[in-house]
Structure formats: C-alpha cells, structure tokens
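Numbering (full-length UniProt numbering), first residue to last: 1 to 508.
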C-alpha cells in the first residue's frame with residue numbers, strides 16, 4: 001500500500017512539472033508566418049523579415065489560390081519631411097535575392113543604384129517605373145497611422161485591418177519569396193538613393209498560401225509555406241503510433257518483471273520511445289499553433305528536435321550495448337563498461353551541442369531544409385557513422401570468439417539489419433540534395449520517421465514475452481523459484497509456453 005501511495009505521489013509531481021513545462025513553452029512564441037517586430041533602417045539598411053514558399057496558382061481559381069503578403073508598417077512620428085524619409089518593403093523571388101546578399105552581409109555596403117538595378121526592370125512604380133509589363137512587388141513604408149499605404153491605388157484590394165496587400169502569382173511552379181525591408185527609395189529624379197529615415201519602424205506582416213478572407217480554408221495549407229504543407233499528417237500518425245507502441249512495450253516490461261527477465265534493455269527501449277513521444281508531441285503542438293495563429297513556438301521546435309536526437313543516441317546505446325554484452329560471461333555486470341559509457345556520454349553531449357550551435361547561429365532563411373552543407377550537420381552525421389563503426393566492432397569481436405553457432409547466426413542477422421539503419425541516414429543525406437527543395441522536407445521527414453519507427457518496433461518485438469527470440473536474449477533460461485512464487489496461474493502458463501517453445505526450437 002505504501003508503494004502504491006508513493007508511486008501515485010511521484011506521478012502527480014511529474015504531471016505537475018510537465019504541465020508547468022508546457023505552460024512555459026506555450027508562453028514563449030517567436031514570429032514565423034506572422035512576422036512582427038521593429039526595423040531600424042539606419043542600423044540595418046537591408047532587413048530579411050522572412051522566407052516563404054508560395055504554391056502554384058490554380059488557373060481556374062486564381063483570386064483564391066494566390067499567395068498573399070499583407071499587414072501593417074507604422075511609425076511613432078508621421079511627420080516625414082521629404083521623399084527621402086521613407087524606405088520600401090519589397091517581396092523578392094529567390095532567383096533575384098543574390099542582388100541583395102552583399103548588402104545583407106555588410107551593412108555598410110548599401111548602394112541602392114546597384115542592388116535595385118535588376119529589380120527596376122520589372123517592379124512597378126506609378127511615378128517612375130510604369131512602362132512595359134510590371135509587377136506590384138513593393139510598398140513605401142512607413143504607412144500613415146490608421147490609413148492604407150500611400151501607393152495603394154485601389155483600397156478595395158487591401159485586406160481588412162491591413163495597410164497594404166501584395167499578391168504573388170506562380171503560374172508554373174512553386175517558388176520561394178523573401179520579404180525584405182530595404183533602406184532605399186526613388187527621389188524626385190527617379191533615382192534610387194539611400195533613405196534618411198532614422199526612426200524605427202514597427203511591422204506586423206502575415207503571409208498565406210491562398211486568400212485569408214475565404215471562409216472554410218484549410219488552415220494547415222493556408223498558414224504553411226509550401227514545403228511544410230501536409231507535414232502535420234506525418235506528425236499526427238507518428239504520435240499515435242508511438243503511443244500505441246509505448247503501451248505495448250509497457251505491458252511487455254510488466255510481464256518481464258513478473259518472470260524475472262526485465263533487463264536494462266527494457267529501460268533503454270522505454271527511454272527511446274518516450275523521447276520519440278516527446279519529440280512528436282512538441283512537433284504536433286507547433287504545427288497546431290501555426291495553423292491556429294500563424295505563430296511558431298520556438299521552444300517547441302527546439303525541444304522536438306532535441307527529443308529526436310536523444311532518442312537516436314539512446315537507440316545507438318542500445319545497439320552497442322546489445323552487441324557488446326554477448327562477449328561477457330554469465331554473472332558478470334550487464335551493460336556497457338564505465339569507459340564505454342563515458343564514450344557514449346561524450347558523443348551524445350557533442351551531438352546535442354552541434355544542434356544547439358546550428359539552432360543558435362545558422363540562418364535558416366538561407367539554408368535549405370535537409371541540406372547537409374553546414375558544419376554542425378556534417379558533424380552530426382559523422383557521429384552517426386562513429387556509432388556504426390563502434391557497433392560493427394562489437395559484433396565482429398563476439399563472432400570471432402563465439403562457441404554457439406545459433407547465437408552467432410542470430411547476432412549476425414541482427415547486426416546486418418541494424419547496420420542498414422545506421423548507414424542509411426548518411427547515404428540518404430548525400431542524395432537528398434538532388435531532391436527538389438519543396439519536397440525534400442516531407443520526403444526526408446517521412447523516411448526518417450518510418451525507419452526509426454520500424455527499428456523500434458522490431459526491438460520491442462524481440463522483447464515480447466512470447467517472442468521466439470527470448471532464448472537468445474539472456475545468458476541462460478533459468479527462472480528462480482522466488483520469481484516463480486510471485487506468478488499467478490495465468491503467468492505460470494505463459495512461462496510454460498515460453499519454455500516449451502525454447503525446448504522445441506533447441507531440439508529442432
């Protein structure tokens with residue numbers, strides 16, 4: 001009774017901590033599809049607000065399938081003395097962003113006539129750039145308080161509660177567009193000159209794939225960049241699948257405890273499944289937040305990826321420990337040695353540290369999804385390769401010393417299957433650069449999620465009480481009389497069934 005009360009008390013404390021943790025995450029939001037903040041033109045003459053993938057427009061329903069960029073850009077003081085006291089908010093296709101990269105990298109190298117030269121060939125301005133086919137891609141900012149922007153010539157086309165509305169139409173293929181703030185403007189002579197604006201601007205910009213004013217739109221498509229559309233399906237399915245797998249493994253662990261067969265492998269599998277659950281839970285929370293409010297939960301994204309890394313590292317520990325323990329004599333200490341645990345801990349901490357560096361310092365606006373071009377990405381893949389070599393070494397060491405051909409055969413097949421899981425990720429990472437950027441995220445996420453889940457399912461199946469592999473998972477088939485006394489009649493029948501299966505297979 002005391003044990004039950006203590007267990008309930010401990011679980012209650014854990015639930016309270018977990019609920020508090022969720023509240024902290026939900027209170028830490030960063031802007032994503034809804035971009036908000038301030039822009040100081042003087043210190044940041046070229047500001048990248050966001051990058052967004054706009055879908056291909058439907059020719060039968062162009063008004064409702066275009067991309068929309070809308071919102072407000074205001075200033076505390078509306079007393080602008082001249083044309084030079086303004087900047088522009090511009091949307092630039094990915095094919096033209098290279099013109100702005102020098103000014104983004106070096107804030108003191110802004111030469112408006114140079115960076116705006118290519119844009120002037122197709123951008124529209126009612127006063128200076130009005131000849132030939134033109135595109136409506138920028139607005140002068142700041143806009144007057146409580147009114148639409150001065151260059152919005154048709155107020156009926158401006159979305160409600162917005163000062164400006166820009167539309168993006170991609171008739172052939174999806175494309176990335178950048179939303180930039182550029183400290184340039186056209187003077188009285190229609191020359192691009194640097195802005196004299198010194199007061200910070202306050203902006204609130206929203207981006208959608210489709211008409212946000214259309215009722216009944218799918219929020220998981222409307223609020224998402226094109227490459228992120230439909231990823232919520234992967235997260236939802238994976239979350240439910242891991243919940244089911246967690247319940248199955250929990251039942252298996254309880255049965256193993258009753259029969260005295262519960263080893264540290266059950267605990268490692270439990271940690272792996274739990275880390276996957278945490279990862280997909282936070283991913284699901286994040287996509288729901290995006291669909292509901294247009295805001296990404298930055299901490300949820302971080303914890304989701306962190307949970308995935310920890311689950312992979314624990315799974316690698318399971319593989320290496322499982323392969324290395326076969327060489328130990330019955331009765332010796334189970335699991336990895338202290339030296340090997342130190343190696344695993346070092347690799348895990350380094351793995352996590354590389355992700356933190358990438359999360360903190362790598363600009364995702366200019367790094368493609370799934371691209372292994374950054375140093376942290378390459379080092380994280382290298383860690384996976386180190387685990388593969390370590391696992392292969394442990395397997396070979398046992399097979400060279402084996403005196404039981406059946407166990408050697410089982411471990412050889414297990415090692416071959418496991419090596420596929422170890423090496424597929426680096427190989428896939430190399431070939432993923434040839435996949436279209438708009439499909440790379442979904443394909444990579446789907447394959448990695450499926451591979452990790454199938455691997456975990458196979459390991460859980462190995463440790464099921466009625467599994468035919470049970471005779472290979474322990475150094476002997478001995479069950480102590482003390483453990484047998486704690487079993488009820490149903491458990492005794494289950495033990496008899498397992499032992500009979502083992503005897504039959506051994507004789508075969």
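The beta-carbon is built from N, C-alpha and C at its ideal position, and this holds for glycine as well. Everything numeric in this text was worked out from a predicted model, so none of it was measured.
To the nearest whole angstrom, what separates the beta carbons of residue i and residue j, a pair I think is in contact under 8 Å?
i, j, result
"residue 198", "residue 236", "About 49 Å; that fails the 8 Å criterion."
"residue 231", "residue 182", "Contact flag wrong, Cβ pair sits at about 32 Å."
"residue 289", "residue 297", "5 Å"
"residue 41", "residue 195", "5 Å"
"residue 179", "residue 49", "4 Å"
"residue 184", "residue 112", "4 Å"
"residue 354", "residue 376", "4 Å"
Give me, in chain order, the residues of the same chain whose beta-carbon lies closer than 6 Å to that of residue i; leave out the 5 immediate sequence neighbours on both sides.
i, result
"residue 362", "374"
"residue 31", "Only weak support exists for where residue 31 lies, its pLDDT of 34 falling under 50; the coordinates are left without a value."
"residue 229", "221"
"residue 136", "124"
"residue 72", "163 and 204"
"residue 344", "317"
"residue 211", "64"
"residue 55", "174, 209 and 226"
Could you tell me the distance, in whole angstroms, from the CA atom of residue i to the CA atom of residue j?
i, j, result
"residue 60", "residue 437", "26 Å"
"residue 408", "residue 398", "8 Å"
"residue 401", "residue 386", "23 Å"
"residue 337", "residue 317", "12 Å"
"residue 424", "residue 170", "36 Å"
"residue 213", "residue 224", "16 Å"
"residue 348", "residue 389", "16 Å"
"residue 35", "residue 293", "12 Å"
"residue 246", "residue 274", "8 Å"
"residue 64", "residue 175", "17 Å"
"residue 458", "residue 414", "10 Å"
"residue 269", "residue 309", "15 Å"
"residue 206", "residue 431", "34 Å"
"residue 456", "residue 250", "14 Å"
"residue 126", "residue 139", "11 Å"
"residue 521", "residue 53", "Any answer about residue 521 is impossible in this case: the structure gives the chain only from 1 up to 508."
"residue 37", "residue 66", "26 Å"
"residue 101", "residue 161", "33 Å"
"residue 439", "residue 159", "31 Å"
"residue 509", "residue 95", "As displayed, the chain neither begins before 1 nor continues past 508, which places residue 509 out of reach and without an answer."
Can residue i and residue j be called in contact, C-beta distance under 9 Å?
i, j, result
"residue 172", "residue 68", "no"
"residue 88", "residue 103", "no"
"residue 352", "residue 306", "yes"
"residue 201", "residue 192", "no"
"residue 74", "residue 145", "yes"
"residue 381", "residue 248", "no"
"residue 234", "residue 33", "no"
"residue 86", "residue 155", "no"
"residue 391", "residue 350", "no"
"residue 99", "residue 119", "yes"
"residue 428", "residue 405", "no"
Considering only C-alpha positions, which residue in the set the options is nearest to residue i?
i, options, result
"residue 396", "378, 354, 320 and 449", "320"
"residue 190", "448, 117 and 444", "117"
"residue 51", "139, 307, 97 and 312", "97"
"residue 449", "206, 276 and 210", "276"
"residue 315", "91, 452, 194 and 121", "452"
"residue 57", "208, 141 and 346", "208"
"residue 357", "342, 378 and 341", "378"
"residue 466", "178, 256 and 441", "256"
"residue 312", "444, 271, 446 and 339", "271"
"residue 226", "442, 215, 309 and 447", "442"
"residue 91", "152, 126, 132 and 166", "166"
"residue 417", "355, 430, 323 and 435", "323"
"residue 70", "127, 444, 295 and 148", "148"
"residue 263", "462, 180 and 43", "462"
"residue 46", "55, 106 and 95", "106"
"residue 291", "218, 266, 394 and 383", "218"
"residue 420", "153, 384, 440 and 267", "384"
"residue 281", "254, 440, 238 and 55", "238"
Less than 7 Å between C-beta atoms, sequence neighbours within five positions excluded: which residues of the same chain meet that for residue i?
i, result
"residue 464", "252"
"residue 93", "175 and 177"
"residue 134", "122, 123 and 124"
"residue 39", "47, 181, 200, 201 and 203"
Cutting at 8 Å between CB atoms, please list the residues of its own chain near residue i, excluding the five before and the five after it.
i, result
"residue 359", "302 and 305"
"residue 216", "none"
"residue 153", "126"
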